[in-house]
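Per the working numbering, the sequence shown runs over residues 166 to 328.
For glycine and all other residues, C-beta sits at the position ideal for the given N, C-alpha and C.
A quick note: this is a predicted structure, and the numbers were derived from the prediction, not measured.
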Amino acid sequence: MNNVLGIGTDIVYIPRIVGLLQRNHTVGDYRKLKRITNKFMTTVEQKKFFKLLNKSEHVELNKELINYTAGVWAAKESILKALSGYIPSTEAPPAQTIYSKLFTKSNTVSGAPMIQVEGLFPNICPTYKEFYNRYILDRIEVLLSMSHDHDYLISYCLIKSKH
Numbered sequence: 166m167n168n169v170l171g172i173g174t175d176i177v178y179i180p181r182i183v184g185l186l187q188r189n190h191t192v193g194d195y196r197k198l199k200r201i202t203n204k205f206m207t208t209v210e211q212k213k214f215f216k217l218l219n220k221s222e223h224v225e226l227n228k229e230l231i232n233y234t235a236g237v238w239a240a241k242e243s244i245l246k247a248l249s250g251y252i253p254s255t256e257a258p259p260a261q262t263i264y265s266k267l268f269t270k271s272n273t274v275s276g277a278p279m280i281q282v283e284g285l286f287p288n289i290c291p292t293y294k295e296f297y298n299r300y301i302l303d304r305i306e307v308l309l310s311m312s313h314d315h316d317y318l319i320s321y322c323l324i325k326s327k328h
């Protein structure tokens, strides 16, 4: 039987994401957006973000980009909250490391949200190898559910033991 190790949730006010993107976007100059996305997106997520941005640089009209950004942010926040239910804060890496190096939000073939654990994390962040081996490696399964309606997007994360 799988034991629940932690649960977490986050809600995002989508107009706040629109404002963040508008304030930090200059057509043809992605430096500010790169600085922002580096804080909470893995390189895989950033590639998708900039691919979506290239579809339409009018960020306020680019619903796919807005929802993607809000979804990644909410997923990472809900994961961090779920982890805090089972990992002592003194042993966890900084939030930015967890967001941008350990977990990637993606989707299943059917479109359901999912979280992938970065297997190379100990090589990318050798300082946190012991943390990874003790709390992550072959120990957890991360389940994610998301929903959005007009101005709000919510993410719910459940972390359970594989053993």
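Asp303 and Thr191 have their C-alpha atoms some 42 Å from each other.
Annotation: the region 266 to 291 contains the following complete segments of the beta strand (DSSP E) (minimum length 3 residues), in chain order: 268 to 272 and 278 to 282.
Around the CB of Thr208, fewer than 16 other CB atoms lie within 10 Å, so the residue is classed as exposed. Less than 9 Å separates the beta-carbon of Ala247 from that of Gly173.
In the displayed model, Val192 falls within coil according to three-state DSSP, outside both helix and strand.
Per DSSP, the unbroken alpha helix (DSSP H) holding Ile244 starts and ends at Lys228 to Ser249. About 18 Å separates the CB atoms of Ile289 and Val307; that is not less than 8 Å, and the two are not in contact. In the DSSP annotation of this structure, the continuous segment of the beta strand (DSSP E) that includes Lys325 starts and ends at Tyr317 to Ser326. If you look at Thr174, you'll find it isn't in any alpha helix (DSSP H); it sits in the beta strand (DSSP E) that goes Val169 to Tyr178. If you look at Glu210, you'll find it in the alpha helix (DSSP H) that goes Thr208 to Lys220. Between the region 225 to 236 and the region 258 to 268, the count of Cβ pairs shorter than 8 Å is below three; the stretches do not touch. Note on geometry: alpha-carbon atoms of Gly184 and Met206 lie some 18 Å from one another. Leu308: member of the beta strand (DSSP E) spanning Ile305 to Asp314, first to last residue.
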